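Asks: Following this note's numbering, the numbering of the sequence shown begins with 1 at its first residue and continues without gaps.
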Amino acid sequence: TQSEFITRFTPDGITVFVNEAYCRYFGIAKDEIIGHRFIPDILKEDRKKLHLHFSSLTADNPTSEIGHRIRMSDGSIRWHWWRDTAIFDGHGTLIEYQSLGKDITDRKLAEEELERSENLYRTIFENTGAATLIYDENRIIIHANAEFTRLSGYTREEIEGKRVWTDFIVKEDLIRLEKYDKIRTIDPENAPPSYEFRLIDKKGYLKYCINHVSRIPGTTRRVASVVDITDRVLAEQE
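(1) Distance cutoff 8 Å, beta carbons only. Does residue 54 sit that close to anything in chain C?
(2) When DSSP labels each residue in this structure, what does residue 252 get in the three-state scheme?
(3) Along the chain, which unbroken stretches of the beta strand (DSSP E) at least 3 residues long are found entirely within the segment 96-158?
(4) Could you check if residue 147 is buried or exposed, using at least 16 other CB atoms within 10 Å of its CB as the buried criterion?
(5) Mind checking residue 235: buried by the 16 CB within 10 Å criterion, or exposed?
(6) Decide if residue 75 is buried, meaning its Cβ has at least 16 other Cβ atoms within 10 Å, or exposed.
(7) Can you tell me where the alpha helix (DSSP H) with residue 51 in it begins and where it stops?
(8) Among the candidates 43, 135, 200, whose CA atom is the shortest distance from the CA of residue 169?
(9) Can you tell me which of 121, 25, 92 puts its alpha carbon nearest to the alpha carbon of residue 103?
(10) Report all residues from its chain with a CB closer than 7 Å to the CB of residue 56; omit the five preceding and five following residues, and keep chain order.
(11) In terms of residue numbering, what span does the beta strand (DSSP E) encompassing residue 18 cover?
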């Protein structure tokens with residue numbers, strides 16, 4: 001009655017057991033499978049990986065998992081996950097394999113779409129003209145793009161996971177920015193979306209900046225986009 005596919009077969013590929021879920025999925029009756037060789041149409045690119053997978057099963061390590069693609073009878077490509085166990089007799093001779101599997105196509109497609117989205121946002125994050133940070137509720141900087149490393153003078157290794165955003169703020173501006181951050185936590189709508197502040201880089205130089213901050217929906221993280229306006233401010237002061 002399990003929804004997962006279950007099949008058992010001999011080392012030469014003769015099927016000795018299949019459950020109803022397996023038969024329904026492939027659209028084949030039990031008597032058409034049991035006692036016969038039934039091998040789904042594994043994509044050519046995955047066959048070597050599958051061969052190595054089964055070759056790795058031994059009496060000491062009889063169980064392993066693998067994901068691979070198959071071509072269905074209608075020509076569609078589906079992703080499968082299988083947990084395979086090699087069964088040995090008392091003399092250590094391989095007598096059967098038992099496989100427990102399921103269709104994971106929807107999950108794989110979702111993962112691929114997520115990866116595409118992450119690549120898109122990573123590209124935007126890295127190539128925007130502004131110095132950009134992502135930090136968590138504890139103020140620890142999780143990600144810093146190349147433009148922020150240029151602005152601050154610190155490397156990514158010196159920033160990510162090691163520094164908080166307050167490390168870069170002039171003391172006189174810090175109370176005001178911390179107040180904005182607190183408001184953003186309690187009532188995001190009333191927090192100013194952008195404001196000016198002064199940043200201190202690694203060499204101790206003062207830089208005038210505009211900061212645009214917003215919360216990342218569904219998380220406690222913030223994204224801050226910092227624009228260096230030092231040249232403009234100095235020109236205005238002059």
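Cβ coordinates follow ideal geometry from the N, Cα and C atoms, glycine included. In this text the structure is predicted, and so the values were computed from the model without any measurement.
Replies: Here's the rundown:
(1) Looking for chain C here will not work: only one protein chain is present.
(2) Outside the modelled stretch of the chain, which goes from 1 to 238, sits residue 252, for which no answer is possible.
(3) 131-135, 141-144
(4) buried
(5) exposed
(6) exposed
(7) 44-55
(8) 200
(9) 25
(10) 64
(11) 15-18
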